[in-house]
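Down below is the structure, laid out as structure tokens.
There are 2 protein chains.
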Amino acid sequence: MLLPFLRSHPLLHHAARLSSPRTRLILRRDLLPLARSRPIRMAAHSGSGSGASSPAPAPPAAVVQKSKIKFCPACGSPTKLAIPDGDEKMRAVCSSCGGVHYENPKMVVGCLVEHDNKVLLCRRKIEPAYGLWTLPAGYLEVGESAAEGASRETLEEACADVEIISPFAQLDIPLIGQSYIIFRARLKTPNFSPGAESLECALFALDDIPFDSLAFSSIVVTLRMYTEDVRSGNIKYHYCIINKRLGASPSDLRSFDIDNHIAV
Amino acid sequence: MLLPFLRSHPLLHHAARLSSPRTRLILRRDLLPLARSRPIRMAAHSGSGSGASSPAPAPPAAVVQKSKIKFCPACGSPTKLAIPDGDEKMRAVCSSCGGVHYENPKMVVGCLVEHDNKVLLCRRKIEPAYGLWTLPAGYLEVGESAAEGASRETLEEACADVEIISPFAQLDIPLIGQSYIIFRARLKTPNFSPGAESLECALFALDDIPFDSLAFSSIVVTLRMYTEDVRSGNIKYHYCIINKRLGASPSDLRSFDIDNHIAV
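Order-wise, the sequence lines are chains R and Z.
Note that the first sequence covers residues 1 to 264 in full-length UniProt numbering.
Note that the second sequence covers residues 1 to 264 in full-length UniProt numbering.
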């Protein structure tokens, strides 16, 4: 159901294109992104992809028009942009061996760790968003499942050994080619401490979550949805798209629209 | 709840490592993979990644020990395998510019299109699995959301204009670095026809799904879960891991375990 006071809110100006009778926009006023009074700088994306460092937001990508694949990873020859047979998009094609090299979105996996009605957050010791709070999360590795990757990141960033409870959300960020997969988890033992990438780790009651000092839009949205669910007594699974609002500054973390939010 | 007759079934021999009181293994006998009497050949993975062609299963990947990134995509110099500072895994590192090049899992997005109590399947006109039935699905592109990608693939493979209803499942296949994201969808108009990659498209009643002629393990699992849900009158969201069973032949499509199945 679309709440009356939300009908004209900028959050909804893209209005769920995929909406249906089963689409439930559960965002409430207190779920909306915070006012833009406190812009948070988003550093440029590293362009790499995986490993110990956590995901970094990126500037708008013109996809293959600005392909990062300048040379063929298989033979080292220069690539050129071309539309391969049977394809519809420009790709990086090797000028020598003819190999076609695609660029695909990356999965970021993380845990929303619950303990004593609190959630575990980490304060970042690395850029981007140094000093700001986040859920433990990072790029999924080849050879591991999303649940394993989320547990690994939680161990790396918060030295916390967790057990996955359930999937909680998928949040796509098409502009930067990322999709966040967040799981609810619980501590196997009540122990945690900052890992190499964290300044500190702490449990926060829902009323104390530092929404003014969160690192990424995906974390803001996840924690707003979670807070709403817990308060309503009904924790759901969420899918949504985070789209930067038209005309917003690239450095403005909080100017985004939530599109196609479906909670099941 | 773990059904008694499943306790010793080979499907469960990895037993949910992440299991918890909220983990529900809902697989029933009729949800189990079919007997191995009809092995289906899985062709080797193309190693590319995206675009018009649909996902191809791959042989086991020794991750970076067999990195496909032999030359630096940024400068064309040869790469070497090394563990970068602050990392724990071997990566392809450029011998000249020092760039670190990661390999990440790819997202495959698709639709389970419902119409008149039937589901829409496509018979593949391309390898791998030529002639076998699948859900419309393919690699997610940079710049689109999972829901948009799933709709696009359905338009490409079945010429069907669909509206997303809800997320239905995430199925990770760590061995080949793929994660399937499947949405339930409905036809906007009752029209469909085979796209360039399909021999034919058809609506199947649940009792008529050609389980003996499906293209991929992910499609077998998705359709088994969906059939079970519809019959029970409770369609859920599913997360699971598809792990090839130890000792199974690489060409055996049906020898896999379902691990960490959580339905919410």
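Think of the CB as a built atom: it goes at the ideal place given N, C-alpha and C, for glycine as much as any other residue.
Q: Can you grab the Cα-Cα spacing for the pair residue 134 of chain R / residue 123 of chain Z, in whole Å?
A: Against the first sequence, residue 134 of chain R aligns to sequence position 134. Against the second sequence, residue 123 of chain Z aligns to sequence position 123. Rounded to whole angstroms, residue 134 of chain R and residue 123 of chain Z show a C-alpha spacing of 44 Å.
(Q) Here's the rule: buried if 16 or more other CB atoms are within 10 angstroms of the residue's CB, otherwise exposed. What is residue 198 of chain Z? (A) Taking the second sequence and counting its residues from 1, one reaches residue 198 of chain Z at position 198. That one is buried.
**Q.** Interface positions of the segment 157–181 of chain Z facing chain R (Cβ-Cβ less than 8 Å), listed along the chain
**A.** Here the close residues are 163, 164, 165, 166, 167, 170, 172, 174, 175, 177, 179, 181.
**Q.** Which of helix, strand or coil DSSP assigns to residue 107 of chain R
**A.** Counted from its first residue, the first sequence places residue 107 of chain R at position 107. Three-state DSSP puts residue 107 of chain R in a strand.
Q) Comparing alpha-carbon positions, which option in R:216, R:215, R:200, R:223 lies nearest residue 208 of chain R? A) As a first step, residue 208 of chain R must be located in the first sequence, where it is residue number 208. It is R:223 whose Cα lies nearest to the Cα of residue 208 of chain R.
Q: Return the bridge partner residues of residue 166 of chain Z from the DSSP annotation.
A: For the purposes of this step, residue 166 of chain Z is identified with residue 166 of the second sequence, where counting begins at 1. Residue 166 of chain Z pairs with Z:184.
Q) By how many angstroms is the C-alpha of residue 95 of chain Z removed from the C-alpha of residue 111 of chain Z? A) The residue given as residue 111 of chain Z occupies position 111 in the second sequence. The residue given as residue 95 of chain Z occupies position 95 in the second sequence. Taking the Cα positions, residue 111 of chain Z is about 43 Å away from residue 95 of chain Z.
Q. Would you report the Cα separation of residue 101 of chain Z and residue 233 of chain R, rounded to the nearest angstrom?
A. Position 101 of the second sequence, counted from the start, is the residue given in the question as residue 101 of chain Z. Position 233 of the first sequence, counted from the start, is the residue given in the question as residue 233 of chain R. Distance from the CA atom of residue 101 of chain Z to the CA atom of residue 233 of chain R, rounded to whole angstroms, is 44 Å.
Q: Find the residues of chain R that neighbour residue 140 of chain Z, judging by a C-beta separation of less than 7 Å, and give them in chain order.
A: In the second sequence, residue 140 of chain Z corresponds to position 140, counting from 1. Neighbours of residue 140 of chain Z on chain R, chain order: 104, 105.
Q: Measuring only between beta-carbons, confirm whether residue 233 of chain R sits less than 8 Å from chain Z.
A: One-based indexing of the first sequence puts residue 233 of chain R at position 233. Contact with chain Z is absent for residue 233 of chain R, since none of that chain's Cβ atoms lies less than 8 Å from the residue's Cβ.
**Q.** heavy atom of the ligand MG below 7 Å from residue 183 of chain Z C-beta
**A.** By its list of ligands, the structure shown contains no ligand whatsoever, and the ligand MG lies outside what it can speak to.
Q: With DSSP collapsed to three states, give me the class of residue 247 of chain R.
A: Taking the first sequence and counting its residues from 1, the one referred to as residue 247 of chain R is at position 247. Coil, per DSSP.
**Q.** Same chain only: Cβ atoms within 6 Å of residue 26 of chain Z, ignoring 5 sequence neighbours per side
**A.** On the second sequence, position 26 is the one that residue 26 of chain Z refers to. Residue placement at residue 26 of chain Z cannot be trusted, given a pLDDT of 35 that sits under 50; the coordinates are not used to answer.
Q) Just reading off the beta strand (DSSP E) that residue 130 of chain Z is part of, what are its end residues? A) As a first step, residue 130 of chain Z is located in the second sequence; it is residue number 130 there, counting from the start. Per DSSP, residue 130 of chain Z belongs to no beta strand (DSSP E) and is neither H nor E.
Q. Chain R partners of residue 72 of chain Z, CB-CB under 7 Å?
A. Walking along the second sequence from the start, residue 72 of chain Z turns up at place 72. Residue 72 of chain Z reaches chain R at 71, counting residues in chain order whose Cβ is nearer than 7 Å.
Q | residue 259 of chain R - DSSP class collapsed to helix/strand/coil | A | Mapped onto the first sequence, residue 259 of chain R falls at position 259. The three-state reading of DSSP puts residue 259 of chain R in strand, counting E and B together.
Q) Can you tell which of Z:144, Z:154, Z:194, Z:73 has the C-alpha that lies nearest to the C-alpha of residue 69 of chain R? A) As a first step, residue 69 of chain R must be located in the first sequence, where it is residue number 69. Residue 69 of chain R has its Cα closest to that of Z:73, out of Z:144, Z:154, Z:194, Z:73.
Q. Would a C-beta distance cut-off of 8 Å place residue 213 of chain Z and residue 201 of chain Z closer than the cut-off?
A. Along the second sequence, read from residue 1 onward, the residue named residue 213 of chain Z stands at position 213. Along the second sequence, read from residue 1 onward, the residue named residue 201 of chain Z stands at position 201. In this structure, residue 213 of chain Z sits away from residue 201 of chain Z, with a CB-CB distance that is not shorter than 8 Å.
Q | Proximal chain B residues relative to residue 260 of chain Z, where beta-carbon distance stays under 9 Å | A | Note that chain B does not occur in the displayed structure, where the protein chains are R and Z.
Q) In chain Z, which residues lie with their C-beta within 8 Å of the C-beta of residue 75 of chain R? A) On the first sequence, residue 75 of chain R is found 75 positions in, with the first residue counted as 1. Those are 70, 71, listed as they occur along chain Z.
(Q) Is the separation between the beta-carbon of residue 75 of chain Z and that of residue 71 of chain R shorter than 8 Å? (A) Residue numbering aside, residue 75 of chain Z sits at position 75 when the second sequence is read from its first letter. Residue numbering aside, residue 71 of chain R sits at position 71 when the first sequence is read from its first letter. Their beta carbons are under 8 Å apart, which means residue 75 of chain Z touches residue 71 of chain R by this criterion.
Q: Please confirm whether residue 145 of chain Z and residue 172 of chain R have their CB atoms less than 8 Å apart.
A: Numbered from its first residue, the second sequence carries residue 145 of chain Z at position 145. Numbered from its first residue, the first sequence carries residue 172 of chain R at position 172. Yes; because the gap between Cβ atoms is below 8 Å, this pair is in contact.
Q) With 8 Å set as the bound, which would you pick, yes or no: does the beta-carbon of residue 128 of chain Z sit closer than that to a beta-carbon of chain R? A) Translated into positions along the second sequence, residue 128 of chain Z becomes position 128. With 8 Å as the cut-off, residue 128 of chain Z does not count as an interface residue toward chain R.
(Q) Assuming residue 198 of chain R is part of the beta strand (DSSP E), what are its boundary residues? (A) Counting from one through the first sequence, the residue named residue 198 of chain R turns up at place 198. Start and end: 198–205.
**Q.** Cβ-Cβ distance between residue 170 of chain R and residue 108 of chain R below 8 Å
**A.** For the purposes of this step, residue 170 of chain R is taken as the residue at position 170 of the first sequence. For the purposes of this step, residue 108 of chain R is taken as the residue at position 108 of the first sequence. It is not a contact, given that the beta carbons lie outside the stated cut-off.
Q: Measure the C-alpha to C-alpha separation of residue 228 of chain Z and residue 216 of chain Z and round it to an integer number of angstroms.
A: The sequence position of residue 228 of chain Z within the second sequence is 228, counting from 1. The sequence position of residue 216 of chain Z within the second sequence is 216, counting from 1. Rounded to whole angstroms, residue 228 of chain Z to residue 216 of chain Z spans 19 Å at the Cα level.
Q. Which partner residues of residue 71 of chain Z appear in the DSSP bridge assignment?
A. Taking the first residue of the second sequence as 1, we reach residue 71 of chain Z at position 71. In DSSP, residue 71 of chain Z forms a bridge with Z:78.
Q. In or out: residue 117 of chain R buried (at least 16 other Cβ within 10 Å) or exposed?
A. Residue numbering aside, residue 117 of chain R sits at position 117 when the first sequence is read from its first letter. Residue 117 of chain R sits exposed, since fewer than 16 C-beta atoms from the chains shown fall within 10 Å of its C-beta.
Q: Note the first and the last residue of the continuous alpha helix (DSSP H) segment covering residue 231 of chain Z.
A: Residue numbering aside, residue 231 of chain Z sits at position 231 when the second sequence is read from its first letter. For residue 231 of chain Z, the enclosing alpha helix (DSSP H) has its first and last residue at 217–232.
Q.
For residue 194 of chain R, would you say it is in contact with chain Z, using Cβ-to-Cβ distances shorter than 8 Å as the test?
A. Along the first sequence, one-based indexing puts residue 194 of chain R at 194. Among the residues facing chain Z, residue 194 of chain R is not included, as its CB has no counterpart in that chain under 8 Å away.
(Q) Against residue 241 of chain R, what residues of chain Z qualify as contacts under a CB-to-CB distance less than 9 Å, listed in chain order? (A) Mapped onto the first sequence, residue 241 of chain R falls at position 241. Neighbours of residue 241 of chain R on chain Z, chain order: 145, 146, 147, 148.
Q | Beta-bridge partners of residue 89 of chain R, as assigned by DSSP | A | The count along the first sequence starts at 1 and reaches residue 89 of chain R at position 89. Its beta-bridge partners do not exist; DSSP assigns none.
Q) Under 8 Å, do residue 243 of chain R and residue 155 of chain R count as touching if we go by C-beta distance? A) Counting from one through the first sequence, the residue named residue 243 of chain R turns up at place 243. Counting from one through the first sequence, the residue named residue 155 of chain R turns up at place 155. Residue 243 of chain R is not a Cβ neighbour of residue 155 of chain R, given a cutoff of 8 Å.
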